[in-house]
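Residue numbers (my numbering), protein chains in the order written: chain V, 1343 to 1656; chain P, -8 to 207; chain C, 3 to 580; chain G, 12 to 118.
Every residue, glycine too, gets a C-beta built ideally from N, C-alpha and C.
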Amino acid sequence: MGSLFDFMLPELKSPMTGATTDALMGFIHIVSFIILAGVTIAMIYFAIKYRRRSEDDETPLITHNNKLEITWSVIPLLLVFVVFGWGYKGWLNLKTVPDNAYEIHVSAYKWGWTFKYENGAQVGNEVHVPAGRPIKLVMQSQDVLHSFFVPDYRIKQDVLPNRYTYVWFQADETGESQVFCTEYCGTSHSNMLAKVIVHTENDFEAWLEEQGTGGGGTPEERGEQLVGLQGCASCHSMDGSDGIGPTWQGLWGKERNFESAASVSADENYIRESILNPSAKIVEGYQNQMVSYEGRLSDDDISDIIAYIKTLEE
Amino acid sequence: MANHSTSHPTHVQHHFVDADQQFDSAKMGMWVFLVNEILFFGGLFCAYIVYRSWYPELFTEAALELNTFWGAVNTVVLIGSSLTVAMAIRSVQKDQIKGLKINLLITIALAIVFMVIKGFEYSHKFHLGIFPGEFYTFEGLEHAKAPIFFSIYYMLTGVHALHVLIGIGLIYWIYRRAVRGDFSSEYYTPVEITGLYWHLVDLIWIFLFPLLYLIE
Amino acid sequence: MATAEVSNTKTLKVKRFKPSEDPKSTFLTEEKGLWAWLTTVDHKKIGLMYLGSVTFFFLLGGILALLLRTELLTPAKTFIEADTYNQFFTLHGAIMVFFVLVPSIPAALGNFVLPMQLGAKDVAFPRLNLASFYIYVIGAIFTFIALANNGLDTGWTFYTPYSTDSSSSVIWVTLGVFILGFSSILTGTNFITTIHKMRAPGITWGKLPLNIWALYATSIIQVLATPVLAITLLLLTMERFLGIGIFDPAMGGDPVLFQHFFWFYSHPAVYIMIVPGFGIISEVITTFSKKHIFGYWAIALSSLAIAFIGFLVWGHHMFTSGQSAVATTVFSFLTFLVGIPTGIKILNWVATLYKGSIEMKTPMLYVFIFLFLFSIGGFTGIMLGSLAADIHLHDTYYVVAHFHYVMMGGTLIALLAGLHYWWPKMTGKMYNEFQAKIGAALIFIGFNMTFLPQFIMGSQGMPRRYYNYIDQFTIFHQTSTIGSYILGVGFLLIAFYLLRSLFSGEKAGSNPWGSRGLEWQATSPPDLHNFDHTPVIINGPYDYHKPMEEFQLGLADVHHNGHEPSHAAKAAAEEVTN
Amino acid sequence: MSGNSHENHHHVSTAGQLWAVGTALLILTIITVVLAKFVTIPAPFDIITAISIAVVKAGLVAAFFMNLYWDTKFNAMLLLMAVAFFMLMVLITLLDTLYRVDVVPSF
């Protein structure tokens, strides 16, 4: 029995947040299964034992039985109280972030995640964390509602545009876990995935160090990195294939036709406008979907991205 | 079922036993409908209460833009119209069809006065740039959420005004039927249930007035 | 036979009216023609028109469901684009909830049966009843305008700010559903008044069929909850027209407040859908066990308890939404309380079978399927109500499976039970019993194959409303899709033999199941005014220990009209046996 | 039945009663305006007074204009039920909106 229900859950990688959930789910599954089996067997047994033998069958007049009815009201009531208390305890634990938690800021947008560290490092769609240490994610959305869900940790929290929400976990082993967005957010909702990558404490420090220095490199390299981090690539392809937004391959210098504006050729000012005020000019055949990156990208960042776009020739 | 209408007065529909059953059913149906109306407005009041609990200072400031005097006048006008509707029902119960007609006409007149005053209030606000939501351009209020207060104000008073307009239509319809001679002390169900509707409109305003106009 | 006497009563002269097995005129033979149907105020015809419309929308929603399942055969794109997929699941949800489940049992079957079970000629406000049908049609037209014009991609829940930003036709659909709400409100108003004021002599509150109790509880919810949906949708429409900002964070509003407003209706709406199903189960299970219901008052009052507690639990849809910890705790606690009356009902039904005379006709088969599937739906509901587990399971396929077990395994199976149960009464024809059993088996197998795998992938973390999914879930999705095809075939079979029965079905007697219910004492199909006499009730609707003659009484002297509902409680009957 | 019950169902108010109620409503309106505009009542009590007066006014309208005082008690119960469910909606919603504690970011 236990193993059957284990099969239903993914391997638990954050026992501090998920252990109660797993135990509770096992308990409810087992109790439910027993009662369901009882009810089903009783039904089938009655249906066979008391099947109609003739049209004139007489049935006894049994209208009610107070003792029986009180029994089967009170026992489930006690059971659900247990379930409530148990679930409440587990949930309190999910809400109570340990004091020594390491904080990471999360920004959700259509359709991707940006993770910001205290030293200014930013990563897109992957969150790197040290093992064996509680991690607190402070989350906010740039546009619509999203929800941060890691099945391996049994945690989930909606991400709202007008305030901060938080969630915490502690992964004990190094490895990777899948992050899903679980609040419907539009076209690429199902592609709004991320990975939690758990390092040892030392590896994590080294990784963070490397990110914090900004990576260095040429403007083109920095641009390419930003495109990954900021989630541009989830809508704009670099290889000419069609996406939610137009591809960037061969974009530079090309004549653009719009739904409701005069055509222009794609230069620095056009690209800058498209990043900061995306709805100003919508390329023919596409929807007005993109959110503004105003305040999320600095002028230098935009220049780097433009430098990168210039390299994407057909 | 050929003889199903024997001994039935003409105003009693075939599926009712007698006039009393029909009257009681209609009245109860109307009350059930009023339950609906209360919860319909209830949603708006709920939004009001939530936002007032969040931004009490906004409500104090923004309410100063509303004209208490005209709000009070409108309250009196609506109470008066409620009184005349009650008088109209009393008239028909006593077979005074003339009194019924006069009271209905006064009610309509008062309702129109209410709407006219409402119209002046609205146009004054539009003039200042106090439009609902994103069209709000008024600069006299510092509070960042001021447009939301006026959104709630416009929704509450707007939906209420819509009910007043529907009420005017209904009462006019009752008046036409009264002129046609449809009603008597034996049969005045439509007068009674339209009256219930009109009193509810009054009831809602009784709460709107202190909640919107009388915040100090 | 003894004269029934109760103290403090006036005695009514009654005689036995045996329903004709070969009625000369029925509601189907009178007032014929399309125009007569479209303008009818007869509750039976309106019920059938509702049934037809609900079936049409069920077909539409069902086709959408099959398309969705087909798309999910492979992890990436199978045959439709992501945006199309999003529109399909939105419309599937919106159509199934607002156009099928909410009106299905009350407005279609309830409309047909309720006045007959009360011994009334019609509902209290027949013209409002017809109006409610046309309001439903207008609501449907608005939705079709949206379909033709950009569709809708917000999910049936219309969460802000997605719905305020979306480029699809949100306004048309919200207005459509807004209008539809009035149809629901009018039906509820009508039923409450009818139940209070139109009962035949002798039908006291303790002798009301449980179906009526269930419809009564449903109507109360409709009347209390639907206006809040109306105002919510009106505010959402205004949010899009004028940007009023109450729900839109971009304007300083609060999206979680929208969720409160929305679920204040939409959670009780779940009970609008399922509670009338409970009524049908009580009727069918007693008829085919030939036995008195076990715990009449427990079942009757638990419907009202569910209706009431159902208003207090909406926040369990919002455990992860960012609502306050206090609210979350209170909502979780109250949620469990609503499980108790539901559990009581199930156990009472099972106890009714004990020492019965059980005949496994198709409606009874559906009752058994209902009890099994709905129990699973209920237990997984307990799982989702518990806080820690819900955090993990919220918005995954576990939830999808749960509400399909409740809504489809519950409401829709109950609807099928009721449809098969009252089909002879509605049409005067019997369907093919063997084909019906095959149909039920297909539904049962297809249903479990579709939705059981969804529990597993849900608890493994598969989120709902996903167009693409990661490879590990492929096997579950494929099993589920195949199951949905079987389910589709099952419904087609049902449609086939039911339609066929209209033309070549055996003629049904007035009371083919030997039920004691009052509706079975009318002819099949019933007279235009239901009964040719005024029925008088002296026994409860489940008194199978009393002879059938005692259920066929009517006023002896006043042949035409003469219900006296205000005196109904006092009525006793003097029997004139033939 | 129609003969006797007729009186119970159809209460006819006297003109004096109706005018008295109307006058009472008018006076209460004046009182509430005066209290709000010319008397300073400390913070929570100003709303409480204003709403209490509104409740009294609403009660008068419901009881005498809408005839609930003489009507069958069930209709009065319907009104109370509507108010009760409205209160439930507000109170439970406030359980959320009043007790949200925003997480303030530390950097």
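Integer Cβ distance of residue i from residue j, believed to fall under 8 Å
i, j, result
"C:A133", "C:M200", "So it is not a contact: roughly 18 Å between Cβ atoms."
"V:N1504", "C:D256", "7 Å"
"V:N1435", "V:T1507", "Not confirmed; about 17 Å, so no contact."
"P:A53", "P:L132", "6 Å"
"C:Y399", "C:G460", "3 Å"
"P:H190", "G:V23", "Wrong, their Cβ atoms sit about 17 Å apart, outside the cutoff."
"V:T1529", "C:D44", "Rounded, the Cβ-Cβ distance is 48 Å, inconsistent with contact."
"V:K1537", "V:Q1520", "7 Å"
Given residue i as reference, the closest of the options once Cα atoms are compared
i, options, result
"C:T413", "C:F58, C:F81 and C:A216", "C:A216"
"C:G411", "C:K357, C:L489 and C:D397", "C:L489"
"C:L454", "C:Q480, C:A438 and C:I440", "C:Q480"
"C:V340", "C:W424, C:L53, C:V16 and C:F310", "C:F310"
"V:R1614", "V:E1626, V:T1401, V:L1421 and V:W1594", "V:W1594"
"V:Q1553", "V:I1412, V:K1458, V:T1359 and V:I1404", "V:K1458"
"C:T344", "C:I308, C:T228 and C:G387", "C:I308"
"V:S1449", "V:E1515, V:L1378, V:V1425 and V:M1534", "V:M1534"
"V:M1350", "C:L14, C:F478 and C:T220", "C:F478"
"C:L226", "C:K431, C:G35, C:L188 and C:E33", "C:L188"
"P:Y39", "C:V99, C:G63, C:L259 and C:K34", "C:L259"
"V:E1610", "V:G1585, V:V1569 and V:I1647", "V:I1647"
"C:S377", "C:F405, C:L501, C:Y87 and C:T354", "C:F405"
"C:G516", "C:F498, C:L494, C:K548 and C:Y499", "C:K548"
"C:Y161", "C:Y218, C:D250, C:G485 and C:F146", "C:D250"
"V:M1358", "V:Q1631, V:Y1495, V:F1522 and V:V1381", "V:Y1495"
"C:L30", "C:I301, C:D529, C:A327 and C:Y487", "C:D529"
Contact under 7 Å by Cβ, residue i with residue j
i, j, result
"V:G1587", "V:H1578", "yes"
"C:I173", "C:R71", "no"
"V:K1452", "V:D1485", "yes"
"P:G34", "C:I233", "yes"
"P:Y124", "C:I246", "The question names Tyr, but residue 124 of chain P in the sequence shown is Gly. Contact flag set, yes."
"C:A403", "C:Q456", "yes"
"C:S526", "C:P365", "no"
"C:I181", "C:I143", "no"
"C:G208", "C:K293", "no"
"P:F259", "P:V76", "What is shown of chain P runs -8 to 207, which leaves residue 259 of chain P out entirely."
"V:L1366", "V:G1429", "yes"
"V:E1525", "V:L1487", "yes"
Beta-bridge pairing of residue i - partner residues as DSSP gives them
i, result
"V:E1636", "V:L1639"
"C:M432", "C:E508"
"V:D1364", "DSSP output for V:D1364 lists no bridge partner at all."
"V:Y1444", "V:I1477"
"V:W1510", "V:K1478"
"P:H134", "According to DSSP, which records beta bridges pairwise, P:H134 is partnered with nothing at all."
"V:T1456", "V:S1449 and V:G1466"
"C:P537", "C:G556"
"V:F1491", "V:K1498 and V:F1522"
Check: residue i C-beta below 6 Å from any heavy atom of the ligand GDP
i, result
"C:G317", "Within the structure as shown, the ligand GDP is missing, as the structure has no ligands at all."
Closer than 7 Å to chain A by CB, residue i
i, result
"G:M88", "The displayed structure is made up of protein chains V, P, C and G, and chain A is not among them."
Checklist entry - Taking contact to mean at least 3 C-beta pairs separated by less than 8 Å, is the region 539 to 547 of chain C in contact with the region 55 to 70 of chain C? => result Contact between the region 539 to 547 of chain C and the region 55 to 70 of chain C is absent, because fewer than three Cβ pairs lie under 8 Å.
Next on the checklist: If contact is defined by three or more beta carbon pairs under 8 Å, each pair taking one atom from either stretch, is the region 194 to 204 of chain P in contact with the region 136 to 151 of chain P?
Outcome noted: Contact holds between the region 136 to 151 of chain P and the region 194 to 204 of chain P, because three or more Cβ pairs, one in each stretch, are under 8 Å apart.
Checklist entry - Contact between the region 420 to 429 of chain C and the region 277 to 290 of chain C: three or more CB pairs below 8 Å? => result Result yes; three or more Cβ-Cβ pairs closer than 8 Å.
Checklist entry - If you pair each beta-carbon of the region 96 to 114 of chain C with each one of the region 15 to 28 of chain C, do three or more pairs fall below 8 Å? => result Inter-segment contact for the region 96 to 114 of chain C and the region 15 to 28 of chain C is absent: fewer than three beta-carbon pairs are separated by less than 8 Å.
Checklist entry - Counting Cβ pairs closer than 8 Å, one from the region 39 to 55 of chain C and one from the region 72 to 82 of chain C, do we hit at least three? => result No contact exists between the region 39 to 55 of chain C and the region 72 to 82 of chain C.
Next on the checklist: For the pair the region 46 to 54 of chain G and the region 92 to 99 of chain G, tell me if three or more CB-CB distances fall below 8 Å.
Outcome noted: Short answer: they don't touch.
Checklist entry - So, do the region 1425 to 1444 of chain V and the region 1472 to 1480 of chain V have three or more beta carbon pairs nearer to each other than 8 Å? => result Counting Cβ pairs under 8 Å, three or more are found: they touch.
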